[in-house]
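Below is one structure, written out as structure tokens, with a few remarks after it.
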Amino acid sequence: STEPLRHDEL
Amino acid sequence: MNIFRLTGDLSHLAAIIILLLKIWKTRSCAGISGKSQILFALVFTTRYLDLLTSYISLYNTFMKVVYIGCAYATVYLIYMKFKATYDGNHDTFRAEFLVVPVGGLSFLVNHDFTPLEFLLVIMYVSYDMALCGPGSNCSHCFQILWTFSIYLESVAILPQLFMISKTGEAETITTHYLFFLGLYRALYLINWIWRFYFEGFFDLIAIVAGVVQTILYCDFFYLYVTKVVYSERLPL
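In structure tokens form, the structure reads like this:
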């Protein structure tokens, strides 16, 4: 998958 | 969002603001490692590139912009505006000894590729995409840069701690800065325990790097609690 991983933390 | 993550973020923000205000009010960056601040600016830049590609929340975007802005403002104050007060002779930690291994590690251990897969990708024996090119959304590059930032953040404070150990002392306000920075890491550890139990969230890269980073502050925490409370400076 080319969907970027979402990092929700700062 | 849980209370530990929120207070962790606010503690991080407090540390950054304390340092900026200290330099601004005293018109001096004596005792501050410019190298650590450059590394933190690099950390925020490489981690928050996703500002360009994905929106998470207003809070998330706002904090990222503030962190990046403050990091560059701090570097500007140290290396430009108050350059004369910068104690470069004592800021001798070799930052490349951190950046180069961390860069290598972020290629080898990240969420996108195992080392073998990465080898296949760079040899163009890859399965469904090359790293860059038409149709690429930069996600792999961003992922590696995110990993790089996580690893780098865990060791970015070392030039500052090295500088303090070299000069043998730190101003109280500098110790407050380090305390809030360490507190932020400790709160994030609790946040991950919380998220693991209540959300099933588990990010091994962030957790391992976070544990390493928190351990680096332990010696300082001990000195902070036992010494700074009673005296003006941090004797070592």
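For the record, the sequence lines run as chains G and A.
Quick note, the first sequence lines up with residues 1 to 10 if you use my numbering.
Quick note, the second sequence lines up with residues 1001 to 1236 if you use my numbering.
Glycine residues also receive a C-beta, built at the ideal position from the N, C-alpha and C atoms.
Environment of residue i [buried if 16+ CB atoms lie within 10 Å]
i, result
"F1097(A)", "exposed"
"F1198(A)", "exposed"
"G1210(A)", "buried"
"A1084(A)", "exposed"
"Y1067(A)", "buried"
"I1080(A)", "The sequence given here has Met at residue 1080(A), not Ile. Exposed, by the Cβ-count rule."
"D8(G)", "exposed"
"R6(G)", "exposed"
"K951(A)", "Here chain A comprises residues numbered 1001 to 1236, so residue 951(A) is not present and cannot be evaluated."
"V1100(A)", "exposed"
"L1119(A)", "exposed"
"S1(G)", "Because the pLDDT at S1(G) is just 41, under 50, the model does not fix this residue reliably, and the value given afterwards should be weighed accordingly. Label assigned to S1(G): exposed."
"F1196(A)", "exposed"
"R1005(A)", "buried"
"S1057(A)", "exposed"
"N1137(A)", "exposed"
"G1200(A)", "exposed"
"F1142(A)", "buried"
"M1163(A)", "buried"
"Q1160(A)", "buried"
"R1047(A)", "buried"
"Y1055(A)", "exposed"
"V1243(A)", "This structure cannot settle anything about residue 1243(A), because the visible part of chain A is limited to 1001 through 1236."
beta-carbon residue i near the ligand ATP non-hydrogen atom, thresh 7 Å
i, result
"Y1197(A)", "What this structure holds is no ligand at all, so the ligand ATP is not there to describe."
Residue from the options whose Cα sits closest to the Cα of residue i
i, options, result
"E1169(A)", "Y1217(A), W1194(A), L1216(A), L1223(A)", "L1223(A)"
"T1226(A)", "T1175(A), N1191(A), L1120(A)", "T1175(A)"
"L1216(A)", "L1158(A), F1196(A), T1172(A), G1200(A)", "L1158(A)"
"L1105(A)", "K1081(A), D1087(A), S1154(A), V1066(A)", "S1154(A)"
"L1019(A)", "Y1048(A), T1167(A), G1103(A), L1181(A)", "L1181(A)"
"L1183(A)", "P1101(A), F1040(A), V1100(A), F1220(A)", "F1220(A)"
"T1007(A)", "N1191(A), A1206(A), Q1213(A)", "N1191(A)"
"S1165(A)", "T1092(A), K1025(A), V1102(A), Y1076(A)", "T1092(A)"
"I1173(A)", "I1017(A), G1103(A), N1002(A)", "I1017(A)"
"L1013(A)", "Y1055(A), A1156(A), A1071(A)", "A1071(A)"
"T1114(A)", "F1004(A), I1205(A), V1212(A)", "I1205(A)"
"L1189(A)", "I1056(A), A1030(A), D1050(A), T1214(A)", "T1214(A)"
"S1149(A)", "L1051(A), D1009(A), A1041(A)", "A1041(A)"
"A1030(A)", "I1207(A), Q1143(A), T1061(A), T1074(A)", "T1074(A)"
"N1089(A)", "I1032(A), L1052(A), N1002(A)", "I1032(A)"
"P1010(A)", "H1111(A), A1186(A), S1036(A)", "Residue identity check: residue 1010(A) is Leu in the sequence provided, not Pro. Ranking H1111(A), A1186(A), S1036(A) by Cα distance to L1010(A) puts A1186(A) first."
"T1167(A)", "F1082(A), R1027(A), D1087(A), L1145(A)", "D1087(A)"
"I1144(A)", "L1077(A), K1035(A), R1027(A), T1045(A)", "T1045(A)"
"Y1001(A)", "V1109(A), N1060(A), I1038(A), Y1076(A)", "In the sequence on display, residue 1001(A) carries Met and not Tyr. Checking every option, the nearest Cα to that of M1001(A) belongs to N1060(A)."
"V1208(A)", "I1023(A), G1069(A), T1147(A)", "T1147(A)"
"L1152(A)", "I1193(A), L1039(A), D1050(A)", "L1039(A)"
"R1027(A)", "L1049(A), L1077(A), I1003(A)", "L1077(A)"
CB contact check: residue i to chain B, cutoff 8 Å
i, result
"S1054(A)", "Given the protein chain composition of this structure (G and A), no chain B is represented."
Query raised in the report: Which residues, taken in chain order from the region 1072-1095 of chain A, show a beta carbon closer than 9 Å to some beta carbon of chain G?
Result: For the region 1072-1095 of chain A, there are no residues whose beta carbon sits under 9 Å from a beta carbon of chain G.
**Report entry** Contact residues within the region 1001-1013 of chain A, judged by C-beta distance below 8 Å to chain G
**Finding:** Taking a C-beta cut-off of 8 Å against chain G, the contacting residues of the region 1001-1013 of chain A are R1005, D1009, H1012, listed in chain order.
Query raised in the report: Using a Cβ cut-off of 7 Å, which residues of the region 1139-1165 of chain A contact any Cβ in chain G, in chain order?
Result: Close to chain G, meaning a Cβ-Cβ distance shorter than 7 Å, are the following residues of the region 1139-1165 of chain A: S1139, F1142, Q1143, W1146.
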